[in-house]
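When you line the sequence shown up against the numbering used here, it's residues 5 to 422, in that order.
Only one structure is covered here, and it is reproduced in the block below.
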Amino acid sequence: MAQSVLHRDPRVDFFRGAAFIIILIAHIPSNWVAQWIPARFGFSDATEMFVFMSGFAAGIAFGGTYRTAGFWLGTARIYFRAWQVYVANLLLFFFVLVLMLAANAWLYADTDYVTQLALNYFLDDTGRALLGLFSMTYVPNFFDILPMYIVVLLMVPVFMALSRIHPLAGYAGCLVLYAANYVFIFELPAEVSPDRDFRAWFFNPFAWQLLFFTGFAMSMGYLKLPRFRWWLAALCLALIAVGVVYSRYGLWSWSDTLSDLRGQLVDLRCQNWRGDGADRCYFWTKSNLDVVRILHFLAIAYLVVWALKGRERVLTMGWAQPILQCGRQSLPVFMFSMILSRVYNVLMDQTERTTWEEIAFNVVAVANLIAIAYLLGWLKSNPWRPHKPARTPAPEAQGQAQGGARWGNAVPAPGSAE
């Protein structure tokens, strides 16, 4: 047991790292390379991968604390992590705002970068916006992922309390909350200006919590990975194929039959089941985590996990090390991916933005993100301290080993998956 916890599960780090790289590319406006990210060929995208892996990693990082130190210390650790993410969100906002102000002041471009991010209100009504920013009632769209993550983290103690009644009670509660969100549409305000129309958080935490806790429950061993079945694999492949056909590139338009079928599906999904006159298509957006997006992501995850079963070492080879390093430094790398997306948008606007120029800028941006990840890893290793012999893993590692083993043979080191 002790030996297994000395190694990180490469799948956790690899897919988190891949998600951060995709997020970087996807958040550069008018980016030609972004046309070729996985999101353009299916229903789900890197957000689903990020949220699921965050839940799985949280189960590994905090599950052992709940099991060995008790409910209240586990909850304290969760709240401390939520506080860290809260501070990170504020730092990200102010850093990006200052960068955009500097770009407007010092660089030539036709774009007003503050307006592009819809941050004018913060400058026009700073007092009210500042209160909204700190209370998370003012959430500009570019800064909407971390607030959702904070709220979901705050749900972990409730999940764990229910799981003490029955291992599946917590996850059942998540399903009930997801269904209730469809019926009642719980929304958190993202605008504080009385002169503006109501706008909800883009990522509704009451919907996205389901994917987070799917990963969390699998990590804790409450949910089991379905056994490999050819018929199930065929269903997954079929759903993925449908996602490709009905992707944004409109392959469905090549066939009248596919076009008609698509129209029928849209009508079905937008049907007003409640009969209250509301536009039910709202529910099927990304904001409320369309059930089709969940199924599409789980189909991909099922095939990938079984394809890598017994072959996990391929993700530890040299070619994968930069991606793994990005995944190991989760929160700061995510923040830098968002920052770099704005920096390289500004830099690309100083050029003609030809296809080759955009490809080159994307390569350099990803290289920068990887370099930052390695720098962060080096700093976290405390290179200024004398080397000490490795210590025996803490008792908490046993709880983490139990969680990580649900998904593979190797497990992240204690506390490193946060």
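For glycine and all other residues, C-beta sits at the position ideal for the given N, C-alpha and C.
- Taking one beta carbon from each stretch, the stretch 109-121 and the stretch 88-96 have fewer than 3 pairs nearer than 8 Å; the two do not touch.
- Spatial neighbours of S291 in its own chain (CB-CB distance under 6 Å, excluding positions within 5 residues in sequence) are listed in chain order as F206, N208.
- With 16 or more other Cβ atoms inside 10 Å of its own Cβ, A65 counts as buried.
- Nearest neighbour of A204 by Cα position, chosen from F190, F216, F217, turns out to be F190.
- A distance of 8 Å or more separates the beta carbons of G63 and F301.
- Inclusion of V89 and L134 in the CB contact set at 8 Å is not warranted, their separation being larger than that value.
- In this structure, DSSP gives P198 a state outside helix and strand, which the three-state scheme calls coil.
- Excluding five sequence positions before and after P171, the CB atoms of its chain that fall closer than 7 Å to its own CB belong to Y226, given in chain order.
- Contact between S345 and L103 does not hold, since their C-beta atoms are separated by about 11 Å, which reaches or exceeds 8 Å.
- With contacts defined by Cβ atoms closer than 8 Å, W36 and T359 form a contacting pair.
- Taking a C-beta distance under 8 Å as the contact criterion, L312 and R15 qualify as a contact pair.
- The C-beta distance from M222 to F60 rounds to 6 Å, short enough to fall under 8 Å.
- For A211, same chain residues with a beta-carbon under 7 Å away, outside a window of 5 residues either side, are Y182, N185, N292, L293 in chain order.
- Rounded to whole angstroms, F340 and L351 show a C-alpha spacing of 16 Å.
- P193 is bridged by DSSP to A204.
- The distance from the Cβ of I376 to that of V337 is about 7 Å, consistent with a contact at the 8 Å cut-off.
- Given a length threshold of 4 residues, each whole run of the alpha helix (DSSP H) inside the stretch 127-178 is given here in chain order: 130-138, 149-158, 160-169.
- When the five nearest sequence neighbours on each side are left out, the beta carbons in the same chain lying within less than 6 Å of the beta carbon of E195 are those of R203, in order along the chain.
- Distance between D129 and G322, taken at the CA atoms: about 51 Å.
- Considering only Y153, P230, P161, the residue with the shortest C-alpha distance to G67 is P161.
- When the alpha-carbon of V309 is set against those of L105, A369, M57, R85, the nearest one is in M57.
- With contacts defined as CB atoms closer than 8 Å, L243 and A305 fail to qualify as a contacting pair.
- For W235, the uninterrupted alpha helix (DSSP H) run begins and ends at 234-249, by DSSP.
- Taking C-beta separations shorter than 6 Å and ignoring five residues to either side along the sequence, the partners of F47 in its chain run G247, V296, R297, H300, following chain order.
- The beta carbon of S259 sits closer than 6 Å to no other beta carbon from its chain once the five residues preceding and following it are set aside.
- Distance from the Cα of R168 is smallest, within the candidate group G74, L236, S334, for G74.
- In this structure, the alpha-carbon of G78 lies about 5 Å from that of T69.
- Taking the Cα of F217 as reference, the smallest distance to any Cα among P390, H31, E52 is reached at E52.
- Take the alpha-carbon of V347 and the one of R332: they are about 23 Å apart.
- Out of R71, S251, D114, the CA that lies nearest to the CA of A165 is found in R71.
- Boundaries of the alpha helix (DSSP H) around K384: 359-384.
- Excluding residues up to 5 positions away in sequence, nothing lies with its Cβ nearer than 8 Å to the Cβ of G131 in the same chain.
- By the Cβ-count criterion, V143 is buried, with 16 or more other Cβ atoms from all chains shown falling within 10 Å of its own Cβ.
- In the three-state reduction of the DSSP assignment, R231 falls in the coil class.
- Sequence-distant Cβ neighbours of M159 in its own chain, meaning closer than 7 Å and more than five residues away, are Q213.
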